[in-house]
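For reference, the structure discussed in these notes is given below.
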Amino acid sequence: MSYFPLEQLKNAWIFKHKSLPIADIDLAKIKPMTATRANVLWDTFISRQVDHPDFFKKGDWPFDNGNWNEQGKWEGIWDSNEEQLPELITTHIEWDNNTVVYYCSNRENVIETTWSTFKSCWKNFLFMDDGPILIGKKRLQTVQFNSNGYFKIGNKPKV
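Residues 13 to 171 in the numbering used here are what the sequence shown spells out, letter by letter.
Structure (structure tokens):
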């Protein structure tokens, strides 16, 4: 089994917050990965050296500033009534709505969903804002969200 029930996620409350309700159809598409599956994905697409974004170092593609194009601020939009992701992100990422995406918080905490669901629920996901990286299956574009209220967009190298 590659996933476990959302209700068993340590911080499942972020997807049940009364001020940010999520439709049942979207909740069903938010799939936390088991630690074993998350480890494989992290090792393959994020880092074989470290287990958390705070510790990226030389040799990790997210550490290399050459992989990042621009940065923007997410926090002001998150605090507002605006529902859309920051425009810089949606301009950079032009994925189909059914593209499988991975919200990678650390080696053992990866959530799989679709690009459409992430766009609808991004404010919920950003309760976990300590450096997670959003990647798409078979896609190079990426976004990293930081707890200082900023994000950066870029491209991961081909694996």
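Ideal Cβ placement from N, Cα and C applies to all residues, glycine included.
| In whole angstroms, what is the alpha-carbon distance linking Asp66 and Ser117? | If you draw a straight line from the Cα of Asp66 to the Cα of Ser117, it comes to about 10 Å.
| said: Between His104 and chain D, is any beta-carbon pair separated by less than 8 Å? | reply: This model lacks chain D altogether; it includes just one protein chain.
| query | Tell me which same chain residues have a C-beta within less than 7 Å of the C-beta of Ser14, skipping the five on either side of it? | reply | Met45, Thr46, Arg49
| request: Report the residue from Leu53, Tyr115, Val52 whose alpha carbon sits nearest the alpha carbon of Asp141. | output: Among Leu53, Tyr115, Val52, the Cα nearest to that of Asp141 is on Tyr115.
| task | Mind checking who Lys149 pairs with in its DSSP beta bridge? | result | Bridge partners of Lys149 according to DSSP: none are assigned.
| message | Ser128 and Asn158 - do their beta-carbons sit closer together than 8 Å? | response | A distance of 8 Å or more separates the beta carbons of Asn158 and Ser128.
| query | For Val112, which option in Ile123, His104, Asn23, Thr102 has the closest C-alpha, if you only look at C-alpha atoms? | reply | Selected option, being the one with the closest Cα: Ile123.
| said: Taking DSSP's pairing of strands, which residues face Asn81 in a bridge? | reply: Answer is none; Asn81 lacks a bridge partner.
| So does the region 159 to 166 actually touch the region 81 to 90, counting three or more Cβ pairs closer than 8 Å? | yes
| Presumed contact (8 Å Cβ cut-off) between Ile58 and Thr125, rounded CB distance | With a beta-carbon spacing of about 17 Å, Ile58 and Thr125 fall beyond the 8 Å limit used to define contacts.
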